[in-house]
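One structure below.
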Amino acid sequence: MAAAHWAGPSCAQPGDGAPAAGAPSFRVSVDDSPNDNGSALTLTWSPAEAAAGAVLTVLRETAGEPGFAPVGRVQSGVGTFEDTRGLARDRRYRYRLSWDTAEGVRRTPATGWISPRAQWFDRSRLAVAVAVPAFSLLVLVSILRARRGARSSIRRIQGLEAVDEAIGRATEMGKPILFSPGIDEADQPGTIAGLAILGKVIERAARSGTRTIVPNRDPVVMTVARAIGQEACLVAGRPEFYRDEDIYYATYSQFGYAAAMVGTMVRERPAVNFFMGNFAGEALILAETGYTMGAMQIAGCDADTQLPFFITTCDYTLIGEELYAASAYLSRDPVLLGSLKGQDLAKAILIGLIGVGVLLAIVGIEIGGFLR
Amino acid sequence: MQVSTDVGIWVGALGTLAIFSFLYRENPVFRLAEHVLVGVSAGYYLVQYAYSGLVKKFWYPLTSEHNYWLVFGGILGAMMFLKLNRRTRSWGNIPVAFYVATGAGYLIPSVMKSMVLLQVEGTIQNPFAEGRTIGEAATVLVILAGVVCTLVYFYFSARREGVVRHVSRAGILFLLAGFGATFGYTVMGRITLLIGRFQFLLRDWLGVGG
Amino acid sequence: MSRTFPIVVAFVLGVFMAVQFFIPHPRVTGIYNTLLDIKQVVLGCTFMLGVLSLIQFHSRRIRRRHSGAGYSAVALAGLAAMVATALVWGTEQGPYRWMFNHVQAPMQATMFSLLAFFVASAAYRAFRVRNLDASVLLAVGVLVMLGRVTVGSVVSWEWGGETVSLTTVSEWFLHSVNVAAKRGILIGVGLGMIATALRIIVGLERTYLGRD
Amino acid sequence: MSAGAGERLARLDRRLIFLLMGLVVLVPLLVPIDLPVVVSEETRDFYREIESLSDGAVLMLAVDYEPDTMAELDPMTLAVLRHAFRRGVRVVALSLYPGAPGIAQRLLTRAAGEYGMTYGEDYVYLGYNPDWSGTMLRLGESIRATYPKDQWGTATRDLPLMAGVDSYEDVDLLVSINGSKYAEYWAAYAQARYGQRMVSGNTAVMAVFIYHYYNTGQISGFLAGIRGAAEYEKLVGLPGDGTIAMGSQSCGHLLIVILIVLGNAGYLAARRRGTGGRA
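Have a look at this one:
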């Protein structure tokens, strides 16, 4: 507090007339802004020493160019200013601050010359930089262990137990299966998870001679789905059963796609509807129409927004991460089982972290900030 | 009441009614509307993507800003068409791999931060911190218990026995309560959509109401 | 070659895109920006592919005099009309914009608005006190539903010296139980997404490539 | 209640439900009901964020929705534009949905007309860009490179407003109006990665998911559905469609609750009979 009194403008000595006048002013230091691409410099000063309550003008001089020019304004109490205006890494800059008082304009002395630098590592992302390799290692090691034959069990997932029953039902009724891989793009993991299930469904359906119809919203997803369908029929030993026209592009329009899906449901009267992937508002339109048509319905969705609607209208619903577990469950492929094991270990670690974190927080040690 | 004389409004109103007719049952009018919607919207998106992807983001920067790296984009895009032929199909996998892997790559750290770490951080709170009311403390504790139970529910490789069974059961109840909340919350949005359509029919078409 | 090359591409690009997150240096962000631009061009091309499939699908129906051949002709006509008018009059005015505003937009919006009806019938059917699970769904659902409209703020009572209304109780559910469930789902899905992306990058997940 | 009636109550024809729903939403539109609006904390925060912008500040407005959610989101976009223009805040609008430009143009033209704003100086519309996630990231590096041209084909670098605006650093507040998960991704990409301050206007269904981003401070305020729009309209002092819609909302909600009660009454009556008197 004492310092604040000392630094008030009332204590300032009268200016000596020179432009740099205004002492006792306060010290301003300038540093390269950390964790950036070399386009910013940060000025700092002690708010306690600065002209209290004043609005400071930040002045910058570029080496080789004449004089100081204003680049921004800031309240003196803030204590810091980041200059991001048109800085280049190959130029040098220096700064000073100015402010108005009753006696006229006052200025701090100029800082030293400095150039902004670009960093090769963003330290503010340290937590992610630790978490990503750690989790990757966990998953990859679990996969390796599973490949070497480490046994890993997997709990029952009702919705997936029902897949065979559903396909059997379609075969019995002599009706096709309708499968939607969701409305997301091909680079979204939810779509990939849905497509992995598609492969298993087509394979089993082809074995029993049942058609699978797959309308798509995304053109890339369609091409991928076709490749998967072709392979699945091959694996099932019925390559002739594959038909390009069963896997087609409807339209990119979300509700145009919904219209095409319900139209298909009403006309083809599929015995089973699979909704596997990422869905949005159209989810309930699809599931409710399917329900009225009397189809058996199995959904899997990683968008928590639509899960309530699938749960209330479908026979079985894979919730969130269960969608990602599905292909492991259906194929029992060691790679996928191992990966799932890795995810489980990560969850166990996170639960532990939450427990320890809360206990520490109760005794006054905050660790949450490290996760930012 | 002043019925609109604008052809566009009439077309929109008839399209709206055609889709609504599905509520009674599927019928030729709905089927017509469905196919119009599919055709027109596919054309709309084709033009939008062709213009923004190929003219705005490819041709313009290539010719006036000489950004020749984009040629790779053109080549990769063209290679997508190899997917159409059975013999060349596998070469079409290169653009697909490019597309999927770049997405997968930048997703990893971003998702780790926003869907995992920040969510864990948000859960780590002292329920008994100074200045909290009993209600706030309860909220913190409920969130804490809920997150842990739900995570246990999503634990796939353990058999559901003993404590795990009970905790995971609590997890599913948390999930269902959350779904109930979402459902209840969503109703409002869905009704709004209908209000929008009715306002269009009443105001714009029939000229009734404010 | 045609089989391993995509895997190599996926590995190199995937690792680069993941690692660049931590590197603010312009040399890296430059490459990263170029890759994003290239990706957008690729995306533009894929739409032609989708539309080709659509044309194939419907023209096959017309050729085979399928029962829905007339409807297929309508779909193709709509598609052709949009492309042709955009080429002649441009996208910002003329028939292309008109068709969007007066044909596509109202029908899309109406399709979506069907949900108001479906949400009512789904709630009516599913929200029954069948067992504990269904009852939890029902209780919280109804509570929040009432809390979101004016009735909810009118129905109130005194509790522990404070005024509590249906709205405050439903908000409490949204801020606590709802947040907990969503967070659990989010963390699980997040880990699932990262694991899938990781398998793609290291070449263990090849679903998206098909077999050959 | 007789079991037969119970059975009937438990199995109402869905078309009857549809008809009732249509009526309870329609009637209050013809005969408006005046209902009080209570402003929630998240709406107040949303309002405060825009209210705190000074004259000349830059607001980036992402109009991220298509015609299907217009009814819910148009009132928000319009209210944000009016609020911003009234305070002299400059608006850089853009869209990540190909169906959005028509909507954005209509609302921008309308609001700009009301406040006499000039295109290119007071507001710009950059239009649609494909690859939403890539675009969100790319904007943090350079807006002008992401959008070489605006919606009308003018080179972005020739727009006076864009002279000093080239990345999130030059943007004081990001407002995402959306009916999808985009708010969450703006939070992950623009906020978490570039530290961009942001608020969002969401459809009611998406708003549920915004709470935890709001709790962690990643999203500084948000509007939840048409009710959020009505609350915000009240704060801004310009009642619009959001306010009118609240009557139909209340009736629709009540109908669903009544249906659920009837359904359960019928279900219980039928079960009592079916299970020999056990309640």
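Chains as they are written, first to last, in my numbering: chain L, 54 to 425; chain H, 6 to 215; chain W, 242 to 453; chain X, 172 to 450. Virtual Cβ for every residue (Gly too), placed ideally from N, Cα, C.
Residue-level contact to chain W via CB, residue i, 8 Å cutoff
i: Arg208 (chain H); result: no
i: Asn326 (chain L); result: no
i: Ile113 (chain H); result: yes
i: Ile390 (chain X); result: no
i: Val277 (chain L); result: yes
i: Ala399 (chain X); result: For clarity, residue 399 (chain X) is Gly in the given sequence; the question names Ala instead. Chain W contact via Cβ: absent.
i: Tyr382 (chain X); result: yes
Minimum Cβ-Cβ distance from residue i to chain L less than 8 Å
i: Leu445 (chain W); result: yes
Neighbourhood of residue i by C-beta distance below 6 Å, restricted to the same chain and skipping five residues each side
i: Ala378 (chain L); result: Leu393
i: Ala175 (chain H); result: Cys154
i: Thr110 (chain L); result: Pro123, Arg126, Ser151
i: Arg138 (chain L); result: Val124
i: Val145 (chain H); result: Gln130, Pro132
i: Leu157 (chain X); result: Chain X is shown only over 172 to 450; residue 157 (chain X) falls outside these bounds and no answer can be derived.
Inter-residue spacing [alpha-carbon to alpha-carbon] between residue i and residue j
i: Ser243 (chain W); j: Trp96 (chain H); result: 6 Å
i: Arg385 (chain L); j: Asn269 (chain L); result: 27 Å
i: Ala23 (chain H); j: Phe203 (chain H); result: 14 Å
i: Met352 (chain W); j: Leu425 (chain X); result: 23 Å
i: Phe486 (chain X); j: Tyr385 (chain X); result: Any question about residue 486 (chain X) goes unanswered here, given that chain X covers just 172 to 450.
i: Leu201 (chain X); j: Val213 (chain H); result: 8 Å
i: Ser306 (chain L); j: Met314 (chain L); result: 12 Å
i: Ser195 (chain L); j: Pro229 (chain L); result: 38 Å
i: Gly444 (chain W); j: Thr437 (chain W); result: 11 Å
i: Leu433 (chain X); j: Phe189 (chain X); result: 16 Å
i: Trp64 (chain H); j: Tyr56 (chain H); result: 10 Å
i: Val253 (chain W); j: Gly108 (chain H); result: 13 Å
i: Arg198 (chain L); j: Gln367 (chain X); result: 43 Å
i: Ile429 (chain X); j: Tyr365 (chain W); result: 9 Å
i: Ala321 (chain W); j: Gly44 (chain H); result: 8 Å
i: Val185 (chain L); j: Arg389 (chain W); result: 40 Å
i: Gly75 (chain L); j: Leu310 (chain X); result: Annotation note: pLDDT 42 at Gly75 (chain L) (below 50); position unreliable, no value reported.
i: Leu180 (chain X); j: Leu308 (chain X); result: 54 Å
i: Val263 (chain X); j: Leu232 (chain X); result: 6 Å
Test: residue i CB closer than 8 Å to a CB of chain X
i: Pro265 (chain W); result: no
i: Asn372 (chain W); result: no
i: Val145 (chain H); result: no
7 Å Cβ shell around residue i - same chain, five flanking residues per side excluded
i: Tyr295 (chain L); result: Gly282, Gln283, Cys286
i: Gln172 (chain L); result: Pro87, Asn88, Asp89
i: Met54 (chain L); result: In this prediction, Met54 (chain L) scores a pLDDT of 34, lower than 50, which makes its location untrustworthy; the coordinate-derived value is nonetheless stated afterwards. So the list is empty, once near-sequence residues are dropped.
i: Ala251 (chain W); result: Ile441, Ile442, Gly444
i: Gly343 (chain L); result: Met318, Asn326, Gln350
i: Leu191 (chain L); result: Gly395, Leu398, Ala399
Bridge-paired residues (DSSP) for residue i
i: Phe328 (chain L); result: L:Ser233, L:Ala352
i: Ser406 (chain W); result: W:Ser397
i: Tyr369 (chain L); result: L:Ile351
i: Pro268 (chain L); result: L:Tyr301
i: Tyr158 (chain H); result: DSSP, once it has assigned bridges, lists no residue as partnering Tyr158 (chain H).
Any chain H beta carbon closer than 8 Å to residue i
i: Asn342 (chain W); result: yes
i: Ala76 (chain L); result: With a pLDDT of 43 at Ala76 (chain L), under the threshold of 50, the predicted position of this residue should be treated as unreliable, and no value is reported.
i: Thr51 (chain L); result: Only positions 54 to 425 of chain L appear in the structure, and residue 51 (chain L) is not among them; the question remains open.
i: His307 (chain W); result: no
Whole-number beta carbon distance between residue j and residue i, since they are thought to touch under 8 Å
i: Leu59 (chain H); j: Val282 (chain W); result: 7 Å
i: Val34 (chain H); j: Ser26 (chain H); result: 5 Å
i: Asp240 (chain L); j: Val76 (chain H); result: Between Val76 (chain H) and Asp240 (chain L) the Cβ distance is about 22 Å, and since that is not below 8 Å, they are no contact.
i: Ala289 (chain L); j: Arg320 (chain L); result: Ala289 (chain L) to Arg320 (chain L), Cβ: 26 Å. No contact.
i: Thr191 (chain H); j: Ala375 (chain X); result: 6 Å
i: Asp299 (chain L); j: Arg264 (chain L); result: 6 Å
Cutoff 8 Å; reference residue i; Cβ partners in own chain excluding five residues on either side
i: Arg182 (chain X); result: Gly437
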